[in-house]
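> Just so we're aligned, residue 352 is where the sequence shown starts under the working numbering, counting upward by one. Don't be surprised by glycine CBs; every beta carbon is placed ideally from N, CA and C.
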Amino acid sequence: MTKGFTLIELIIVLAIVAIVGAILIPNFLNTTDRARLRSDIQSARVLQNALDLYNLEQPVPLTGGYVAALGSMDSLGYVDARRVAVQTAGAAFELNDGVITLNISGARNENVRTVLFNQLSPLERQQVTGGLGE
């Protein structure tokens with residue numbers, strides 16, 4: 352009957368677990384957002400390469416919006432439209448003047464638009480628009 356933990360010991364352990372959780376959870380979410388953003392940047396680069404190849408091989412370069420361009424590239428086998436999806440919530444790919452960029456102005460998470468955008472390299476920033484750090 353004398354074996355076991357006291358109530359104070361259990362409260363102290365729960366407090367320590369709560370403190371560690373409060374420190375680690377925001378860092379984990381930030382890492383997840385950063386990974387999604389970098390994945391989208393890589394997807395934009397792949398799309399840009401497919402667009403450049405399309406424009407070199409086809410007699411008429413693509414014009415118009417991103418959706419029309421993606422449909423044209425997909426129909427001719429330059430890219431598989433079913434596999435191109437934006438991972439960052441609220442972001443979207445855009446086609447402007449023959450350049451595909453990732454627009455994060457609609458991103459719901461402010462960390463993506465400020466902190467993470469500022470952590471991108473200059474090369475990565477060329478593929479992203481709509482960041483508050485611009």
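In angstroms, rounded to a whole number, what distance separates the CA positions of P412 and Y405?
Approximately 8 Å between the Cα atoms of the pair.
> Are the beta-carbon atoms of L453 and V479 separated by less than 8 Å?
In this structure, V479 lies closer than 8 Å to L453 by Cβ.
> Runs of 3 residues minimum, wholly inside the region 428-483: which ones carry the beta strand (DSSP E) assignment?
The region 428-483 contains these whole beta strand (DSSP E) runs: 443-447 and 450-454.
> On the three-pair Cβ rule with 8 Å, is the region 414-433 touching the region 376-385?
Flag = no, the region 414-433 and the region 376-385 do not touch.
> With respect to the alpha helix (DSSP H) encompassing G399, which residues constitute its N-terminal and C-terminal limits?
The question names Gly, but residue 399 in the sequence shown is Gln. Per DSSP, Q399 belongs to the alpha helix (DSSP H) from L358 to E408.
> Could you check where the alpha helix (DSSP H) with G422 kicks off and where it finishes?
Y417 to S426 is the extent of the alpha helix (DSSP H) around G422.
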